[in-house]
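Scroll down for the structure; my scribbles are underneath it.
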Amino acid sequence: MNDATRTDVIGLLGPLRRYARSLTRDESQAEDLVQDTLVRAYERKGSFRTGGSLRGWLLSILHNTFIDHRRSHVAEFRRLEQVAFLIDTAAPPEQESRVRLQQVQNAFMSLPDEQRAALHLVAIEGLSYQEAANALKIPVGTLMSRLARARAALRGFEAGADVQPSEARRPSLRVVGGSDA
């Protein structure tokens, strides 16, 4: 690994940490995930295509490492995420802003993993749809569908819906045609 590549990787630590925190919802797990990602990237540095996107490659490795960890530690990822808290309606404006930011963060973190990952890569990391789809190893159409669902859930939260984004239900299917006999 040359000095230029090492500098490029160091410059990508911020986006890697942000994406890892978005996936894991835990600071220490996110740091472990970034470390594991960098180890895997170093071990597989020969698989990096010259001229390819180092950022996309590392984010893809991070995502795959997260999936691998998740599969091996499913029980760790099944915990309650949100704690109810009371909001004082007479809170100072700056406190209201902090409370609002926390509510938006909670809504984002309560999105299903697939939707949260898609939204994070596109909206926060600024990847193109194609780059994000490649990182998640899904078709672009699937990415767009997940983004639309995530955005709709967050809009519902913004509109004051009582339902949390993770509780949003898909429309029920109805039977068309056929016979009831």
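Numbering follows my numbering, with no gaps: position 164 of the sequence shown is 151.
Positions of the beta carbon are idealized from the N, C-alpha and C atoms, including for glycine.
Computed from a predicted structure; not experimentally measured.
Quiz item: Got a sec? Which residues, its chain only, sit under 7 Å from GLU63 by beta carbon, not counting five neighbours each side?
Solution: With a pLDDT of 45 at GLU63, under the threshold of 50, the modelled position of that residue is not reliable, and the figure given next carries that caveat. For GLU63, where only same-chain residues beyond five positions count, there are no Cβ hits under 7 Å.
Quiz prompt | Three-state secondary structure (DSSP) of ILE(-3) | solution = helix
Quiz item: Contact between the segment 34 to 48 and the segment 137 to 147: three or more CB pairs below 8 Å?
Solution: no
Self-check item: Residue environment, SER9, which counts as buried when at least 16 other CB atoms sit within 10 Å
Solution: buried
Quiz item: DSSP three-state call for PHE35: helix, strand or coil?
Solution: coil
Practice problem: Count the CB pairs spanning the segment 111 to 129 and the segment 25 to 44 that are closer than 8 Å, and state whether there are at least three. | Solution: yes
Quiz item: On the three-state DSSP scale, how would you describe ASP13?
Solution: coil
Practice problem: Can you say whether ILE(-3) is buried or exposed, counting buried as having 16 or more other CB atoms within 10 angstroms of its CB? | Solution: exposed
Self-check item: ALA110 beta carbon less than 8 Å from that of ARG133
Solution: no
Quiz item: When we look at the beta-carbon of ARG31 and count the other beta-carbons within 10 Å, is it buried (16 or more) or exposed?
Solution: exposed
Self-check item: Collapsed DSSP secondary structure at GLU112 in the structure displayed
Solution: coil
Practice problem: Tell me where the alpha helix (DSSP H) around ALA104 begins and ends. | Solution: 100 to 106
Quiz item: LEU20 and LEU49 look like a contact to me (Cβ under 8 Å); what is the Cβ gap, rounded to whole Å?
Solution: 7 Å
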